[in-house]
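Heads up, the working numbering is the position in the sequence shown plus 13, with the first residue counted as 1.
Don't be surprised by glycine CBs; every beta carbon is placed ideally from N, CA and C.
Because the structure is a prediction, the values reported are computed rather than measured.
The structure under discussion appears below in the form of structure tokens.
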Amino acid sequence: MQNNTFSTLFVSQNLIKLKEVDSTNTFLKNLASNSEPLPEGTVILAEHQYAGRGQQGNIWQAEPGKNLTFSLFLKPTFLSIHQQFYLNIAISLAIIEALEDMLPRGLKIKWPNDIYFKNRKLGGILIENSVAGQIIKSSVIGIGLNINQNVFDELIKEKATSVSLILQHDVCLNDIFAVLCKYLEVYYLKLKAGKLRILQENYINKLYKHNILALYRQNGEVFEGRLKGITNEGVLIVLKNNIEEKYNFKEIEFITN
Ligand code: BTN
Numbered sequence: 014m015q016n017n018t019f020s021t022l023f024v025s026q027n028l029i030k031l032k033e034v035d036s037t038n039t040f041l042k043n044l045a046s047n048s049e050p051l052p053e054g055t056v057i058l059a060e061h062q063y064a065g066r067g068q069q070g071n072i073w074q075a076e077p078g079k080n081l082t083f084s085l086f087l088k089p090t091f092l093s094i095h096q097q098f099y100l101n102i103a104i105s106l107a108i109i110e111a112l113e114d115m116l117p118r119g120l121k122i123k124w125p126n127d128i129y130f131k132n133r134k135l136g137g138i139l140i141e142n143s144v145a146g147q148i149i150k151s152s153v154i155g156i157g158l159n160i161n162q163n164v165f166d167e168l169i170k171e172k173a174t175s176v177s178l179i180l181q182h183d184v185c186l187n188d189i190f191a192v193l194c195k196y197l198e199v200y201y202l203k204l205k206a207g208k209l210r211i212l213q214e215n216y217i218n219k220l221y222k223h224n225i226l227a228l229y230r231q232n233g234e235v236f237e238g239r240l241k242g243i244t245n246e247g248v249l250i251v252l253k254n255n256i257e258e259k260y261n262f263k264e265i266e267f268i269t270n
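Here it is as structure tokens:
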């Protein structure tokens with residue numbers, strides 16, 4: 014176990030820095046299953062992921078040495094499987110609060126847990142839970158944030174942004190990482206203290222397109238709707254033709270702009 018000088022109680026107190034790895038989530042999951050008990054708060058931070066993973070089986074691309082790609086090990090055994098979306102909520106809010114001090118207004122959470130700045134994606138979260146019966150035994154929280162990358166792949170360049178593109182100058186990766194660790198711990202402790210209602214309210218207040226008439230697609234059909242919030246299970250509520258409709262992940266697609 015390595016000791017670090019982070020102003021945290023446990024998040025990142027055991028920090029493992031890697032030059033190169035396939036995926037920090039995969040590495041951490043293997044570590045957790047091979048070296049139990051792994052201390053809660055362990056973080057794997059990589060300079061380069063050559064097989065970074067995103068949601069829905071997508072790949073996560075990040076230019077080596079310019080971004081933050083890391084995974085955090087938590088043991089949210091106090092959450093039932095029906096409450097697992099609250100982890101998405103706490104982690105998304107922690108990232109927003111950490112970045113809010115350094116960026117102009119415009120940070121939002123695109124449901125379920127993409128970090129957006131205006132209409133562009135700044136970061137993503139991949140949470141992989143290990144469930145035992147009705148409880149979450151452990152959780153690997155993968156976070157990828159575009160920090161000092163100015164050029165993106167052709168396929169995503171119209172949809173992606175980074176801290177340096179927003180500020181027009183590079184920033185210190187270590188400083189941002191330290192602030193992120195602080196807020197990840199703060200929000201995880203709020204979750205542990207059972208502040209579910211307030212976390213859910215704060216999340217809804219930060220939702221991208223909240224209360225705004227926007228276009229969505231479901232099963233090939235494009236419709237206009239107004240995003241109203243989420244259920245306790247994290248299901249999206251959209252007002253469509255004056256009726257509140259509910260959508261699970263993958264059932265609805267945002268059509269931006
Ligand atoms: C997404 O928006 O699709 C989620 C992206 C999550 C990327 C991070 S980078 C660190 C961690 N390791 C991975 O392989 N993925 C996550």
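Contact test: T55 Cβ vs ligand 1 heavy atom, cutoff 6 Å: Against the sequence shown, residue 55 aligns to sequence position 42. False, no ligand heavy atom lies under 6 Å from that Cβ.
Check: N80 C-beta below 6 Å from any heavy atom of ligand 1: Within the sequence shown, the letter at position 67 stands for residue 80. Not under cutoff, so the answer is no.
G146 versus Q97 - alpha carbon distance: Counted from its first residue, the sequence shown places residue 146 at position 133. Counted from its first residue, the sequence shown places residue 97 at position 84. The straight-line gap from Cα to Cα measures roughly 13 Å.
Given H95 as reference, the closest of L139, I148, I154, N47 once Cα atoms are compared: Position 82 of the sequence shown, counting from 1, holds the residue named residue 95. Taking each of L139, I148, I154, N47 in turn and checking the Cα distance to H95, the smallest one comes out for I148.
Sequence-distant residues of its chain with Cβ nearer than 6 Å to K32 (five each side left out): Looking up residue 32 in the sequence shown gives position 19. Excluding sequence neighbours, K32 sits near E60.
Those residues which DSSP pairs with G238 across a bridge: Within the sequence shown, residue 238 is the residue found at index 225, counting from 1. For G238, which the question treats as bridged, DSSP gives the partners A227.
Whole-angstrom distance between S151 and K131, CA atom to CA atom: Locating residue 131 in the sequence shown gives position 118, counting from the first residue. Locating residue 151 in the sequence shown gives position 138, counting from the first residue. Here the C-alpha atom of K131 lies approximately 33 Å from the C-alpha atom of S151.
Sequence ranges, beta strand (DSSP E) only - wholly within the stretch 66 to 101, length at least 3: Segments of the beta strand (DSSP E) lying fully in the stretch 66 to 101: 81 to 87.
Same chain, Cβ closer than 6 Å to N16, neighbours up to 5 away in sequence not counted: Counting from one through the sequence shown, the residue named residue 16 turns up at place 3. Its pLDDT being 49, under 50, N16 is placed unreliably by the model, and the measurement read from it follows with that caveat. Cβ neighbours of N16 beyond the five flanking positions: none.
Assigned exposure category for V235 - 16 Cβ within 10 Å defines buried: Taking the sequence shown and counting its residues from 1, the one referred to as residue 235 is at position 222. Under this definition V235 is an exposed residue.
Unbroken alpha helix (DSSP H) run spanning K190, endpoints: Residue numbering aside, residue 190 sits at position 177 when the sequence shown is read from its first letter. Here residue 190 is Phe; the residue named in the question, Lys, does not match the sequence. Under the DSSP assignment, F190 falls in the alpha helix (DSSP H) whose first and last residues are 186 to 205.
Cα-Cα separation between F267 and Q162, rounded to whole angstroms: The residue given as residue 267 occupies position 254 in the sequence shown. The residue given as residue 162 occupies position 149 in the sequence shown. Spanning the two alpha carbons is a distance of roughly 25 Å.
Three-state secondary structure (DSSP) of S152: Along the sequence shown, read from residue 1 onward, the residue named residue 152 stands at position 139. Note: S152 maps to strand in three-state DSSP.
Three-state class that DSSP yields for A173 in the structure shown: Within the sequence shown, the letter at position 160 stands for residue 173. Of the three classes helix, strand and coil, the one that applies to A173 here is strand, per DSSP.
Neighbour-count burial assignment, L247, 16 or more Cβ in a 10 Å radius: One-based indexing of the sequence shown puts residue 247 at position 234. In the sequence as presented, Leu is not what sits at residue 247; that position holds Gly. The residue in question, G247, is buried, as its Cβ has 16 or more Cβ neighbours within 10 Å.
CA-to-CA distance, W73 to E167, given in whole angstroms: Translated into the one-based positions of the sequence shown, residue 167 becomes position 154. Translated into the one-based positions of the sequence shown, residue 73 becomes position 60. C-alpha separation (whole angstroms): 14 Å.
Length of the line joining the Cα atoms of E76 and F190: The count along the sequence shown starts at 1 and reaches residue 76 at position 63. The count along the sequence shown starts at 1 and reaches residue 190 at position 177. If I take the Cα positions, the gap works out to 17 Å.
Which of helix, strand or coil DSSP assigns to F19: For the purposes of this step, residue 19 is taken as the residue at position 6 of the sequence shown. Of the three classes helix, strand and coil, the one that applies to F19 here is coil, per DSSP.
Any heavy atom of ligand 1 nearer than 6 Å to the CB - residues listed: Output, sorted by chain position: S36, T37, N38, Q62, G65, R66, G67, Q68, N71, W73, T82, F83, S84, D127, G137, I138, L139, G155, I156, G157.
When N71, K42, I104 are compared against K195, the one with the closest alpha-carbon: Taking the first residue of the sequence shown as 1, we reach residue 195 at position 182. For the residues N71, K42, I104, the minimum Cα distance to K195 belongs to I104.
Nearest-angstrom beta carbon gap, L220 and L204 [assumed within contact, 8 Å]: Stepping through the sequence shown from its first residue, residue 204 is reached at position 191. Stepping through the sequence shown from its first residue, residue 220 is reached at position 207. That belief does not hold up - the Cβ atoms of L204 and L220 are roughly 18 Å apart, past 8 Å.
Best match in Y129, D35, E237, S143 for proximity to N224 [C-alpha to C-alpha]: Start at 1 with the first residue of the sequence shown, and residue 224 comes out as number 211. Residue E237 is the option with its Cα nearest to N224.
Residue closest to D114, alpha-carbon to alpha-carbon, out of D188, K259, N254: Working through the sequence shown from its first residue, we reach residue 114 at position 101. In terms of Cα proximity to D114, the closest of D188, K259, N254 is D188.
Contacting residues, own chain, Cβ-Cβ under 6 Å from A64 (five flanking each side not counted): Here residue 64 corresponds to residue number 51 of the sequence shown, with the count starting at 1. Closer than 6 Å at the Cβ level, and outside the excluded window around A64, lie D35, S36.
Distance CB(L135)-CB(N159) smaller than 7 Å: Counting from 1 along the sequence shown, the entry for residue 135 is found at position 122. Counting from 1 along the sequence shown, the entry for residue 159 is found at position 146. Taking 7 Å as the cut-off, the Cβ atoms of L135 and N159 count as close.
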